[in-house]
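*Asks:* Below you'll find the structure I mean.
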Amino acid sequence: MNVMNISTYLKQIRLPQKNLHKGENGRLLIIGGSDLFHAASAWSLDIATKIVDMVFYSSTPENNTNLKEAKKKFWNGVVVPRGKVETYIEEANCVLIGPGMTRDDETAQLTNTLLKKYQQKKWVIDAGALQMVDVSLLNEHIIVTPHHKEYERVFGKSAKIPQEVCEDSRQHHDVCIVLKGQHDVVAMGKQYEEVDGGNEGMTKGGTGDVLAGLIAALYCTSDAFPSAVVGSYLNKKAGDDLYKKVGPFFNSSDLVNQLPETMKSVFFSSRIRRLSQ
């Protein structure tokens with residue numbers, strides 16, 4: 002993707018505005034985590050808290066120990082008991098579901114019940130939830146973030162070229178698809194973009210969780226397609242910015258910490274007009 006293309010999408014992202022009240026710059030609910038993958042959702046949480054005003058977090062019912070730890074450490078958001086999750090779905094601008102969730106019947110039941118009930122809500126579906134989703138529930142309000150194996154599981158086939166991703170999007174009510182890889186493909190209906198970048202340091206666990214949290218945070222106040230394109234671009238660029246400093250010797254926490262610096266450089270470039278001005 003060249004500078005001209007990304008500039009078009011950057012202008013469509015609504016940045017935080019100082020003349021608003023708390024919560025009006027975005028409220029995100031993240032449903033994720035498990036005893037097996039207890040750290041995954043933390044990366045989504047960490048990046049989201051740097052972008053939106055409020056992040057609500059709900060983990061699995063049996064994950065009480067992690068919930069208690071989250072209450073001690075998660076100063077930038079609100080830990081939500083599973084029994085109250087629907088109240089926060091209604092309050093949030095967007096819901097991210099899946100980071101750190103296991104691929105099982107409980108995940109399938111929770112994911113598909115909520116998607117069916119809240120069909121007009123903005124959703125980002127990742128990881129465990131994505132692998133168990135009922136594809137008939139996908140629509141234009143949803144962003145999905147599969148890697149290639151997850152894509153085959155969800156859509157029943159691989160995608161060799163971007164046009165095939167577009168076709169799968171159209172067949173599933175124009176769902177926005179972010180097919181992750183060395184070259185990300187972002188497709189929604191008839192439109193698509195290929196996003197280049199990234200390096201071998203990005204193959205470590207957790208970078209996809211960072212991406213999901215980043216896209217979901219942007220989606221709170223912007224439209225699906227530009228949020229997905231810009232999220233993909235920023236995630237890769239932050240990885241490349243880190244590579245210039247330390248080579249491939251960084252992890253997902255380093256990526257989270259690099260992203261604000263990268264975002265400032267990208268959004269406040271003299272070539273980019275801030276939509277919020």
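Residue numbering for the sequence shown follows our numbering, starting at 2 and increasing by one per position.
Glycine included, C-beta positions come from ideal geometry on N, C-alpha and C.
Predicted model, so just to flag it, every value in this text is computed and none were measured.
Which same chain residues end up closer than 7 Å to Glu-92 when comparing Cβ atoms and leaving out the 5 residues on each side of it in sequence?
*Replies:* Only Arg-28 meet the Cβ criterion.
*Asks:* Mapping DSSP to helix, strand and coil, what is Ser-8?
*Replies:* Helix.
*Asks:* Here's the rule: buried if 16 or more other CB atoms are within 10 angstroms of the residue's CB, otherwise exposed. What is Leu-21?
*Replies:* Its Cβ having fewer than 16 others within 10 Å, Leu-21 is exposed.
*Asks:* Tell me which same chain residues have a C-beta within less than 7 Å of the C-beta of Gln-183, skipping the five on either side of it?
*Replies:* So the qualifying residues of the chain are Gly-199.
*Asks:* DSSP beta-bridge partners for Glu-195?
*Replies:* For Glu-195, which the question treats as bridged, DSSP gives the partners Val-186.
*Asks:* Give the secondary structure of Leu-97 by DSSP, where H, G and I count as helix, E and B as strand, and everything else as coil.
*Replies:* The answer is strand: DSSP assigns Leu-97 an E or B state.
*Asks:* Identify whether Ser-45 lies in helix, strand or coil by the three-state DSSP scheme.
*Replies:* The answer is helix: DSSP assigns Ser-45 an H, G or I state.
*Asks:* What residues match up with Tyr-58 in a beta bridge as DSSP calls it?
*Replies:* Beta-bridge pairing links Tyr-58 to Ile-31 and Val-80.
*Asks:* Could you tell me whether the region 209-219 touches the region 235-242, where touching means 3 or more Cβ pairs closer than 8 Å?
*Replies:* Contact holds: three or more Cβ-Cβ distances are below 8 Å.
*Asks:* Is the distance from the Cβ of Val-80 to the Cβ of Leu-30 below 7 Å?
*Replies:* Not in contact: Val-80 and Leu-30 (Cβ atoms no closer than 7 Å).
*Asks:* According to DSSP, is Ile-14 part of a helix, a strand, or is it coil?
*Replies:* Coil.
*Asks:* Between Met-55 and Gly-34, is the Cβ-Cβ spacing less than 7 Å?
*Replies:* No. Outside cutoff.
*Asks:* Can you tell which of His-142, Thr-88 and Ile-178 has its C-alpha closest to the C-alpha of Glu-153?
*Replies:* Out of His-142, Thr-88 and Ile-178, Ile-178 has the C-alpha closest to the C-alpha of Glu-153.
*Asks:* If you drop the 5 nearest sequence neighbours on each side, which residues of the same chain put their C-beta closer than 6 Å to that of Asp-210?
*Replies:* Counting only Cβ-Cβ distances below 6 Å, and skipping sequence neighbours, we find Ala-41, Trp-44, Ser-45 and Pro-100.
*Asks:* For the alpha helix (DSSP H) containing Leu-115, list its first residue and its last residue.
*Replies:* Element bounds for Leu-115: 106-118.
*Asks:* Tell me the residue span of the beta strand (DSSP E) that contains Leu-180.
*Replies:* 177-180 is the extent of the beta strand (DSSP E) around Leu-180.
*Asks:* Apply the 10 Å Cβ neighbour rule to His-142 and answer buried if 16 or more other Cβ atoms are within range, or exposed otherwise.
*Replies:* Its Cβ being crowded by 16 or more others within 10 Å, His-142 is buried.
*Asks:* Since Gln-132 contacts Glu-107 with CB under 8 Å, what's their CB separation in whole angstroms?
*Replies:* With a Cβ gap of about 13 Å, Gln-132 and Glu-107 do not count as contacting.
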